[in-house]
Amino acid sequence: MTKSELVELIASKQTQLSVKDVELAVKTIIEHMSQSLAEGHRIEIRGFGSFSLHHRAARTGRNPKTGDSVKLPAKFVPHFKPGKELREQVNDSMKSGY
Amino acid sequence: MAALTKAEMAERLYEELGLNKREAKEMVEAFFGEIRDALSHNEQVKLSGFGNFDLRDKKERPGRNPKTGEEIPICARRVVTFRPGQKLKQKVEAYAGTQS
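Respectively, the protein sequence lines represent chains A and B.
If you're matching positions, the first sequence starts at 936 in this note's numbering and goes up one per residue.
If you're matching positions, the second sequence starts at 27 in this note's numbering and goes up one per residue.
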């Protein structure tokens, strides 16, 4: 499912808002989440999961083409931990043959 | 540092887009609800600019109870993984704060 399919699906299940409105809302939610992570905040959605940042230490990498060593600074990477409900729902789907 | 929750996401939809409070709350519920439903039907979810939620089927493997040392098989299962997109990775990389 892509972002535009998600927008269509949400729009089709309600009558108050136009597809355009839903599209804007979905973009706003995603932007809000990205912005929060970029500021170092966690995101906690009960039943769904949580997003946080994981630290990666600085290391020396290599340019695979030239073999030159390159210093890579420490950085943060986004991490998602699925919540209990999501984990169970997804795992149950396998048992029921999806 | 406070974590972002559904309530704040709804608040922003109310403030920025003028959705009423009920619409805003339902929108945030629908957003996560539909993603969860897709994943529960073994359907990958791709949110461009943010990242992809993928599904992986894991085979059964031998495990061990770390306390007792007893061997117990870990059953086959399906798990969700999140692969952040390039845009999100770049945004987050720049964060220079302390380890969270």
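Glycine residues also receive a C-beta, built at the ideal position from the N, C-alpha and C atoms.
Let me check understanding here. Comparing Cα to Cα, which of the options lies closest to residue i?
i	options	result
A/Lys-1039	A/Gly-1002, A/Ser-985, A/Lys-1030	Residue 1039 of chain A is absent from the structure shown; chain A starts at 936 and stops at 1033.
B/Lys-32	B/Asn-46, B/Gly-95, B/Phe-57	B/Phe-57
A/Arg-1022	A/Ser-939, A/Asp-1003, A/Arg-977, A/Arg-981	A/Arg-981
If residue i and residue j are in contact, beta carbons under 8 Å, what's the gap, nearest whole angstrom?
i	j	result
A/Val-1025	B/Ser-66	6 Å
B/Val-106	B/Leu-81	6 Å
B/Glu-60	A/Leu-941	6 Å
A/Arg-997	A/Ser-1004	5 Å
B/Phe-108	A/Phe-1015	3 Å
A/Ala-946	A/Val-954	4 Å
B/Arg-38	A/His-967	5 Å
B/Val-118	A/Phe-983	In fact, because the Cβ distance is near 19 Å, the residues do not count as touching under 8 Å.
If we ignore side chains and look at the alpha-carbon of each, how far apart do residue i and residue j end up?
i	j	result
A/Met-936	B/Gln-70	6 Å
A/Pro-999	A/Leu-988	28 Å
B/Ala-102	A/Arg-977	30 Å
A/Leu-972	A/Ile-965	11 Å
B/Ala-50	B/Asp-63	20 Å
B/Ser-126	A/Asp-1027	Interpretation of B/Ser-126 is limited by its pLDDT of 44, a score under 50 that renders its predicted location unreliable; the figure taken from the coordinates is listed afterwards. So the two alpha carbons sit approximately 32 Å from each other.
B/Asn-78	B/Pro-110	6 Å
B/Leu-30	A/Ala-1009	25 Å
B/Ser-85	B/Thr-94	Strictly speaking, residue 85 of chain B in this sequence is Lys, with Ser absent from that position. In a straight line, the C-alpha of B/Lys-85 is about 24 Å away from that of B/Thr-94.
What does residue i pair with, by DSSP beta-bridge criteria?
i	result
B/Leu-30	A/Ile-978
**Asked** Residue ranges of each beta strand (DSSP E) run of no fewer than 3 residues wholly in the region 36 to 102 of chain B, ordered along the chain?
**Response** 71 to 73, 77 to 84, 87 to 90, 97 to 100
**Message:** List, from N- to C-terminal side, the alpha helix (DSSP H) runs of 4 residues or more that fit wholly inside the region 981 to 1007 of chain A.
**Reply:** none
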